[in-house]
Amino acid sequence: MRKKLLLAVFLGGSLIAAAGDAFAQKKPEYIYPKATFDEAATDKQMDPGTSVVRGSAVVTKKGKLSMAEAGSSILLFPSNAYYDEFFALRKKYPEGGKKEASMENAAFSYRIQGKFLDNIGTFEFKNLKPGKYYIMTWIPYEKKKRVRLETGKQWSINFYTGVIGSEPVYGNFIYRYKEDMVVGGFVEVQKDGEVVEAIISNLD
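Residue 120 in the working numbering sits at position 115 of the sequence shown, with consecutive numbering throughout.
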């Protein structure tokens, strides 16, 4: 049996939050798959094989490509009734809402955690047996927001009354920041020893 890594919580999206925000935000209601998690069958799905899945993962927004940095994580899960329901729930209940999709700790432990090989989104999973899998990762992409900020004050004086007044002066700025997007997709290995090419993107 493949050695498993147990984690207490399944995290996604933005993995780090400011401490103040964390205490201020209400804990979401976690929605779990209704399907029963069959650990014995899942363990068998993850037995080693001789197949390879490789490819790239990208985010496309407004014609601009964003890719993960070398060394950042990409996950591979087996596909069965429990996991497939979870992936469907993720689309309905994404991170940041009042409700959020989650899975049992035991289910999360049955995954292969890989690393991107370069800065253009290349990944590779080796030693897989024939079957269907789901690949998922988080890719940062640039967003921008227009903001209007006070840049100073304009002073005036009434020479008749001696009253000095002021009014704020505003400027328009573009604030650029990074936000993680979850991307994922299914891939299927038909036979042992096969090399499967895959592209995972937000357009899938």
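We treat Cβ as the ideally placed atom computed from N, Cα and C, and that holds for glycine.
Count the other C-beta atoms from every protein chain shown that fall within 10 angstroms of the C-beta of residue i, then say buried if there are 16 or more, exposed otherwise.
i, result
"S161", "exposed"
"F164", "exposed"
"T166", "exposed"
"A27", "Residue placement at A27 cannot be trusted, given a pLDDT of 40 that sits under 50; what the coordinates show is reported in the next sentence. A27 should be labelled exposed."
"S171", "exposed"
"N124", "exposed"
"N132", "exposed"
"G76", "exposed"
"G68", "exposed"
Looking at residue j and residue i, is the spacing between their C-beta atoms short of 8 Å?
i, j, result
"Y139", "F92", "yes"
"A73", "I144", "yes"
"S61", "Y146", "no"
"P83", "T41", "no"
"K137", "E193", "yes"
"K39", "E109", "no"
"K97", "P33", "no"
"V63", "G126", "yes"
Quick one: residues in its chain with C-beta nearer than 6 Å to the C-beta of residue i, no 5 flanking neighbours on either side, listed in chain order?
i, result
"R95", "A106"
"E129", "R59"
Note down, in chain order, each residue of its chain lying with its Cβ closer than 7 Å to the Cβ of residue i, except the 5 sequence neighbours on either side.
i, result
"I179", "K149 and R151"
"T156", "V174, Y175 and G176"
"R181", "E147 and K149"
"E44", "A111"
"Q159", "S171, E172 and V174"
Please work out which residues of its chain come closer than 8 Å, Cβ to Cβ, to residue i, disregarding the five sequence neighbours upstream and downstream, and give them in chain order.
i, result
"G119", "S78, I79, L80, L81, F128, E129 and F130"
"V187", "G17, G18, R95, P99, E100, M141, T142 and W143"
"D197", "G54, T55, S56, K134 and P135"
Using DSSP bridges, identify the partner residues of residue i.
i, result
"N177", "R153"
"E172", "Q159"
"E184", "Y146"
Is the closest heavy atom of the ligand SAH to the C-beta of residue i under 7 Å?
i, result
"V64", "The ligand content of the structure shown is nil, which means the ligand SAH is not present either."
Query raised in the report: Which parts of the stretch 112-159 are runs of the beta strand (DSSP E), unbroken and 3 residues or longer, counting only runs that do not cross its ends?
Result: 117-120 and 127-133
Query raised in the report: Along the chain, which unbroken stretches of the alpha helix (DSSP H) at least 4 residues long are found entirely within the stretch 39-110?
Result: As far as the stretch 39-110 is concerned, its whole alpha helix (DSSP H) runs of at least 4 residues are 44-50 and 86-97.
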